[in-house]
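**Student:** Residues in the sequence shown are numbered from 58 upward in steps of one, following my numbering.
For every residue, glycine included, the Cβ atom is placed at its ideal position computed from N, Cα and C.
Just passing along the structure, written as structure tokens.
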Amino acid sequence: MTSPALEAFPPGTGAAWGRSGPPGLLDVFGEPFVRDPYPWLELLRTDSPVHHDAGTGLWLVSRHRDIRRVLLEPEDFLPDNAQHAVTPLPVSVLRILARAGFTLPPALANNGTESHAGLRRLVTRFFHARRVEEAVPVIERIAGELLGRVRSTLDAAGSCDLFASYAQILPCRVLMELLGIEDIEPTTLIRWSDASLELFYGRPSPERQPALAELVADFHRWLTATVRSGTVPEDSFIGALRRHRLPGGEPLDVRTAVAACFFVFIAGQSTTGQLIATVLRRVSSEPGLWTRVADEAGLAEAWVEEVLRREPPVTTWRRLTARAVSLGGVRLPAGAPLLLMLMGSGSDPEVFAEPATMCPYRSGIRHHLAFGAGRHRCPGASLARTEATVALRAAARALPGILPADADGPAEPPMLGLLSFRAPLEVPVRVP
Numbered sequence: 058m059t060s061p062a063l064e065a066f067p068p069g070t071g072a073a074w075g076r077s078g079p080p081g082l083l084d085v086f087g088e089p090f091v092r093d094p095y096p097w098l099e100l101l102r103t104d105s106p107v108h109h110d111a112g113t114g115l116w117l118v119s120r121h122r123d124i125r126r127v128l129l130e131p132e133d134f135l136p137d138n139a140q141h142a143v144t145p146l147p148v149s150v151l152r153i154l155a156r157a158g159f160t161l162p163p164a165l166a167n168n169g170t171e172s173h174a175g176l177r178r179l180v181t182r183f184f185h186a187r188r189v190e191e192a193v194p195v196i197e198r199i200a201g202e203l204l205g206r207v208r209s210t211l212d213a214a215g216s217c218d219l220f221a222s223y224a225q226i227l228p229c230r231v232l233m234e235l236l237g238i239e240d241i242e243p244t245t246l247i248r249w250s251d252a253s254l255e256l257f258y259g260r261p262s263p264e265r266q267p268a269l270a271e272l273v274a275d276f277h278r279w280l281t282a283t284v285r286s287g288t289v290p291e292d293s294f295i296g297a298l299r300r301h302r303l304p305g306g307e308p309l310d311v312r313t314a315v316a317a318c319f320f321v322f323i324a325g326q327s328t329t330g331q332l333i334a335t336v337l338r339r340v341s342s343e344p345g346l347w348t349r350v351a352d353e354a355g356l357a358e359a360w361v362e363e364v365l366r367r368e369p370p371v372t373t374w375r376r377l378t379a380r381a382v383s384l385g386g387v388r389l390p391a392g393a394p395l396l397l398m399l400m401g402s403g404s405d406p407e408v409f410a411e412p413a414t415m416c417p418y419r420s421g422i423r424h425h426l427a428f429g430a431g432r433h434r435c436p437g438a439s440l441a442r443t444e445a446t447v448a449l450r451a452a453a454r455a456l457p458g459i460l461p462a463d464a465d466g467p468a469e470p471p472m473l474g475l476l477s478f479r480a481p482l483e484v485p486v487r488v489p
């Protein structure tokens, strides 16, 4: 199913779709969509809920009920393409990756085989609710250290970027402590993770792809060397992978262990940093809210959950039809690549009343699909929620009275606009 309105929406005629309807062609990488995707998401749900996007070749699935069905029926909708590069990689880039031995065999997000359940249980042991609760003092300690530096910068310069100095670094350092990683700088892991996301989920230019591939190759080499090393603690995440046995009893091979680390290290820090940045940006922009979240019981948690519903860092995810199937009234062939619009599902009026309004404590809030659903639901959901809540509350207490640096003007921060990830790349704040 395609929609003429989505494929050829003329510029300047958005009045029929609200105050600022979709201005032009649908382009999931374009600045208008990245800046304000909601008019398109609404149009997709109402006009073409299973829509073939000519630009990417993907079928865009935008209704909550259809997305949930796909996630809960893994026999019909496979995860095999979840980590494929959306922008084709030229031979020169593939050679860079090949020289590093880069490969992503089925491990976690892209694993529809019988080995998935055991690997997921292993990951869950490091991120279950009790362990996350025990990690709160660690999160608070690291947050306090980072916010002390932020405070010094604000006192000296009057302004600061909370993304680069706080939101991005906090989850990386927390993850390193939880997983027992000590031989790498957080800034290096962040740089590798960002390059991986851009190479596989972005639309980098041919000139930029080789530089990104070199960083991804370095990341893979380090992961491989670390997994093969006999020096990692037995009770660490990598130590657990080394001891893991597949369903047939054979030990987990190095390639799959590295693939599991590749996913966990990126998902465990990059996407959480993106969530924290969005939460800080949203809450600091609401008059009077920054002061309240510092001490009002439950308010920080409620705002984190509402941001997850409306502005999740993971905006889409991919699936592949295992056979010909009907979805949302559209007949799809076997092998059809799907793009599940997770962000749009959180604004589906069939599930959430007045979805455009930020309403903490709304009923049924956890019906959102920001963490997916079913057997591939994010095992780090509890950690992400907790880190974002602690980060918000700690910042509000340590930095009372701060204001968005652009509060007096129309400026908006640059946005990360990848196929599956969206967040502000800056959270500029200033002292009054």
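P163 to L98, Cα distance in whole Å?
**Tutor:** Counting from 1 along the sequence shown, the entry for residue 163 is found at position 106. Counting from 1 along the sequence shown, the entry for residue 98 is found at position 41. Spanning the two alpha carbons is a distance of roughly 31 angstroms.
**Student:** Is it the case that the Cβ atoms of A200 and L179 are separated by a distance below 8 angstroms?
**Tutor:** On the sequence shown, residue 200 is found 143 positions in, with the first residue counted as 1. On the sequence shown, residue 179 is found 122 positions in, with the first residue counted as 1. Not a contact, by the Cβ cut-off of 8 angstroms.
**Student:** For E132 versus A379, is the C-beta spacing smaller than 8 angstroms?
**Tutor:** Position 75 of the sequence shown, counted from the first residue, corresponds to residue 132. Position 322 of the sequence shown, counted from the first residue, corresponds to residue 379. Against a cut-off of 8 angstroms, the Cβ pair of A379 and E132 comes out as a contact.
**Student:** Alpha carbon to alpha carbon, what distance is there between H108 and R388?
**Tutor:** As a first step, residue 388 is located in the sequence shown; it is residue number 331 there, counting from the start. As a first step, residue 108 is located in the sequence shown; it is residue number 51 there, counting from the start. The alpha-carbon atoms of R388 and H108 are separated by roughly 11 angstroms.
**Student:** For V118, which three-state DSSP category applies?
**Tutor:** In the sequence shown, the residue the question calls residue 118 occupies position 61. Three-state DSSP puts V118 in a strand.
**Student:** Tell me where the alpha helix (DSSP H) around D352 begins and ends.
**Tutor:** Start at 1 with the first residue of the sequence shown, and residue 352 comes out as number 295. Run containing D352: 346-352, per the alpha helix (DSSP H) assignment.
**Student:** Let me know the secondary structure DSSP gives S383 once reduced to three states.
**Tutor:** Position 326 of the sequence shown, counted from the start, is the residue given in the question as residue 383. Strand.
**Student:** Count the CB pairs spanning the region 432-439 and the region 410-421 that are closer than 8 angstroms, and state whether there are at least three.
**Tutor:** No, they do not touch.
**Student:** Residue ranges of each beta strand (DSSP E) run of no fewer than 3 residues wholly in the region 389-441, ordered along the chain?
**Tutor:** 394-397, all fully within the region 389-441.
**Student:** Skipping 5 residues on each side, what residues in its chain have a beta carbon closer than 6 angstroms to that of A445?
**Tutor:** For the purposes of this step, residue 445 is taken as the residue at position 388 of the sequence shown. Correct list, in chain order: L332, I333, V336, V361.
**Student:** If you check the beta carbons only, do V127 and R432 fall under 8 angstroms apart?
**Tutor:** Position 70 of the sequence shown, counting from 1, holds the residue named residue 127. Position 375 of the sequence shown, counting from 1, holds the residue named residue 432. No, the Cβ-Cβ distance between V127 and R432 is not below 8 angstroms.
**Student:** Should A413 be listed as close to the ligand HEM, given that the test is whether its C-beta is under 7 angstroms from any heavy atom?
**Tutor:** In terms of ligand content, the structure shown is empty, and the ligand HEM therefore cannot be addressed.
**Student:** Report yes or no: do the region 396-408 and the region 365-375 share at least 3 C-beta pairs separated by less than 8 angstroms?
**Tutor:** The region 396-408 is in contact with the region 365-375.
**Student:** Assuming the contact rule is C-beta atoms closer than 8 angstroms, S402 and L426 should be a hit. Round their C-beta distance to whole Å, please.
**Tutor:** The residue given as residue 402 occupies position 345 in the sequence shown. The residue given as residue 426 occupies position 369 in the sequence shown. So it is a contact: roughly 5 angstroms between Cβ atoms.
**Student:** Are the beta-carbon atoms belonging to L204 and A455 less than 8 angstroms from one another?
**Tutor:** Walking along the sequence shown from the start, residue 204 turns up at place 147. Walking along the sequence shown from the start, residue 455 turns up at place 398. Yes, the pair counts as a contact, with Cβ atoms nearer than the cut-off.
**Student:** Select from L476, T443, A139 the residue whose C-alpha is nearest the C-alpha of E197.
**Tutor:** Within the sequence shown, the letter at position 140 stands for residue 197. Answer by Cα proximity: T443.
**Student:** Please name the residue in C435, L482, A452 whose C-alpha comes closest to that of V211.
**Tutor:** As a first step, residue 211 is located in the sequence shown; it is residue number 154 there, counting from the start. Reading off the sequence, residue 211 comes out as Leu, not Val. Checked all of C435, L482, A452; the closest Cα to L211 is A452.
**Student:** Whose C-beta lies closer than 6 angstroms to the C-beta of G259 among residues of the same chain, with five residues either side of it excluded?
**Tutor:** The sequence position of residue 259 within the sequence shown is 202, counting from 1. Closer than 6 angstroms at Cβ, skipping near neighbours: L475.
**Student:** Please identify the residue among S149, L151, R299, G458 whose C-alpha is closest to the C-alpha of A351.
**Tutor:** Looking up residue 351 in the sequence shown gives position 294. Checking every option, the nearest Cα to that of A351 belongs to G458.
**Student:** From the DSSP output, in three-state form, read off S250 for me.
**Tutor:** For the purposes of this step, residue 250 is taken as residue 193 along the sequence shown, with counting starting at 1. In this structure, S250 counts as helix in the three-state DSSP scheme.
**Student:** Measuring CB to CB, does Y418 end up less than 8 angstroms from A354?
**Tutor:** Here residue 418 corresponds to residue number 361 of the sequence shown, with the count starting at 1. Here residue 354 corresponds to residue number 297 of the sequence shown, with the count starting at 1. No. Outside cutoff.
**Student:** Per DSSP, what are the beta-bridge partners of H301 in this structure?
**Tutor:** Translated into positions along the sequence shown, residue 301 becomes position 244. Per DSSP, none; premise fails for H301.
**Student:** Report the residue from D292, G429, V382, R366 whose alpha carbon sits nearest the alpha carbon of S420.
**Tutor:** By 1-based counting over the sequence shown, the position of residue 420 is 363. When each option's Cα is compared against that of S420, the closest is R366.
**Student:** Whole angstroms is fine: what's the gap from L254's alpha carbon to A213's?
**Tutor:** Counting from 1 along the sequence shown, the entry for residue 254 is found at position 197. Counting from 1 along the sequence shown, the entry for residue 213 is found at position 156. Going by the C-alpha atoms only, they are around 34 angstroms apart.
**Student:** In chain order, what residues of the same chain have a beta carbon less than 8 angstroms from the beta carbon of F478, not counting five sequence neighbours either side?
**Tutor:** Residue numbering aside, residue 478 sits at position 421 when the sequence shown is read from its first letter. Same-chain partners within the cutoff: L254, Y258, S327, T328, Q331, P370, V371, T372.
**Student:** What are the boundary residues of the beta strand (DSSP E) that includes S262?
**Tutor:** For the purposes of this step, residue 262 is taken as residue 205 along the sequence shown, with counting starting at 1. Per DSSP, S262 belongs to no beta strand (DSSP E) and is neither H nor E.
**Student:** Please work out which residues of its chain come closer than 6 angstroms, Cβ to Cβ, to L161, disregarding the five sequence neighbours upstream and downstream, and give them in chain order.
**Tutor:** Numbered from 1 along the sequence shown, position 104 holds the residue referred to as residue 161. Only Q140, A316 meet the Cβ criterion.
**Student:** Measuring alpha carbon to alpha carbon, tell me which of F134, D93, P147, R102 ends up nearest A381.
**Tutor:** Taking the sequence shown and counting its residues from 1, the one referred to as residue 381 is at position 324. Residue F134 is the option with its Cα nearest to A381.
**Student:** Can you tell me whether D292 is buried or exposed, with buried defined as 16 or more other CB within 10 angstroms of its CB?
**Tutor:** Along the sequence shown, one-based indexing puts residue 292 at 235. Classification for D292: exposed.
**Student:** How many whole angstroms separate the CB atoms of D110 and V85, which I take to be in contact at a CB cut-off of 8 angstroms?
**Tutor:** Translated into the one-based positions of the sequence shown, residue 110 becomes position 53. Translated into the one-based positions of the sequence shown, residue 85 becomes position 28. Right, the Cβ-Cβ distance comes to about 7 angstroms (below 8 angstroms), so this counts as a contact.
**Student:** Just curious, the beta strand (DSSP E) that V107 is in, first and last residue?
**Tutor:** On the sequence shown, residue 107 is found 50 positions in, with the first residue counted as 1. Unbroken beta strand (DSSP E) run through V107: 107-109.
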